[in-house]
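Residue numbers (the working numbering), protein chains in the order written: chain A, 4 to 175; chain B, 344 to 445.
Structural data, given as structure tokens:
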């Protein structure tokens, strides 16, 4: 049963990612990317990352993709635009680089596919059992990774200020 | 089937999604779509972090948390840049942005 849902979400993710790259209309691209993010969120649930799955939907599908959609509609980049997909050599180059990348990954995977204990049982079962999905992530986040957490909040403030400064209309 | 089977498959899927993202960056000229392909690559890496966290403990999920927040910051700044560039060129075609090339 788990395998069935895994393959379902994996197929959905790959297909909608391919559609995202090959759609001419940017709005359709954004919606296909949202489908990819939803299926990745389902995969996160299968892989014992329940909190990350919720954050994925709230932040990625909910906030970031709406921002993309908002910018596309603000700039009026609808279906009337000419196709922006490269032709000829650029298309061949893009396809061959992607295939070569998969081949390199496959080669590395074959070379040492059996990394330490990859075939063992999930290391998270007992942790999730004892403290729950949210506390399991929150506990290290606010102890061992507290400095990184605070630095991330500074980064977000800098990003907000930077975005406002960049996007502001300058007085003529 | 064993549990590790799913981790293997997740790593394969992560590699495929990353390659699709790279191909998209090379294939498209629309800056916004190139940017979305970068987000897809970030998500592919997130998937492999989550898969590895099943083997090595919860720390992989913490990294994913930070990647998501950095991606949010990056999306805000990047889209503001695209807005500023669009005001100048009236287009988001990457072929036009060649002022820094030579």
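Beta carbons are placed, not taken as given, at the ideal position from N, Cα and C, and that holds for glycine.
What does DSSP give as the partner residues of residue i in its beta bridges?
| i | result |
| --- | --- |
| residue 371 of chain B | A:88 |
| residue 51 of chain A | DSSP lists no partner for residue 51 of chain A. |
| residue 128 of chain A | BP columns for residue 128 of chain A are empty, so no partner. |
| residue 436 of chain B | B:373 |
Measuring alpha carbon to alpha carbon, tell me which of the options ends up nearest residue i.
| i | options | result |
| --- | --- | --- |
| residue 417 of chain B | A:170, A:91, A:71 and A:162 | A:162 |
| residue 142 of chain A | B:366, B:423 and B:400 | B:400 |
| residue 368 of chain B | B:424, B:355, B:382 and B:427 | B:382 |
| residue 92 of chain A | A:81, A:100 and A:86 | A:100 |
| residue 348 of chain B | B:405, B:436 and B:397 | B:397 |
| residue 170 of chain A | B:443, B:444 and B:425 | B:425 |
| residue 148 of chain A | B:430, B:408 and B:433 | B:408 |
| residue 437 of chain B | B:353, B:370 and B:366 | B:370 |
| residue 54 of chain A | A:154, A:134, A:5 and A:26 | A:134 |
| residue 27 of chain A | A:140, A:89 and A:13 | A:89 |
| residue 166 of chain A | B:379, B:420 and B:391 | B:420 |
| residue 152 of chain A | B:365, B:386, B:406 and B:429 | B:406 |
Quick check on residue i - is its C-beta less than 8 Å from some C-beta in chain A?
| i | result |
| --- | --- |
| residue 435 of chain B | yes |
| residue 372 of chain B | yes |
| residue 440 of chain B | no |
| residue 443 of chain B | no |
| residue 344 of chain B | Reliability of the predicted coordinates at residue 344 of chain B is poor, the pLDDT of 44 falling under 50, and no value is obtained from them. |
Is residue i close to chain B, meaning its C-beta is less than 8 Å from at least one C-beta of that chain?
| i | result |
| --- | --- |
| residue 18 of chain A | no |
| residue 105 of chain A | yes |
| residue 140 of chain A | yes |
| residue 4 of chain A | no |
| residue 60 of chain A | no |
| residue 129 of chain A | no |
| residue 31 of chain A | no |
| residue 114 of chain A | no |
| residue 157 of chain A | no |
| residue 146 of chain A | no |
| residue 110 of chain A | no |
| residue 65 of chain A | no |
| residue 126 of chain A | yes |
| residue 57 of chain A | no |
| residue 135 of chain A | no |
| residue 69 of chain A | no |
| residue 23 of chain A | yes |
| residue 143 of chain A | yes |
| residue 100 of chain A | yes |
| residue 165 of chain A | yes |
| residue 9 of chain A | yes |
When you compare the CB of residue i with every CB in chain C, is at least one pair closer than 8 Å?
| i | result |
| --- | --- |
| residue 92 of chain A | The question asks about chain C, but that chain is absent: this structure's protein chains are A and B. |
Please list, in chain order, the residues of the region 377-411 of chain B that have any C-beta partner in chain A closer than 8 Å.
378, 379, 380, 382, 383, 386, 389, 390, 393, 394, 396, 397, 398, 399, 400, 401, 402, 404, 405, 407, 408, 409 and 411
List, from N- to C-terminal side, the beta strand (DSSP E) runs of 3 residues or more that fit wholly inside the region 373-416 of chain B.
none
Contact set between the region 36-53 of chain A and chain B, restricted to residues whose Cβ is under 9 Å from the partner:
36, 39, 40, 43, 46, 47, 49, 50, 51 and 52
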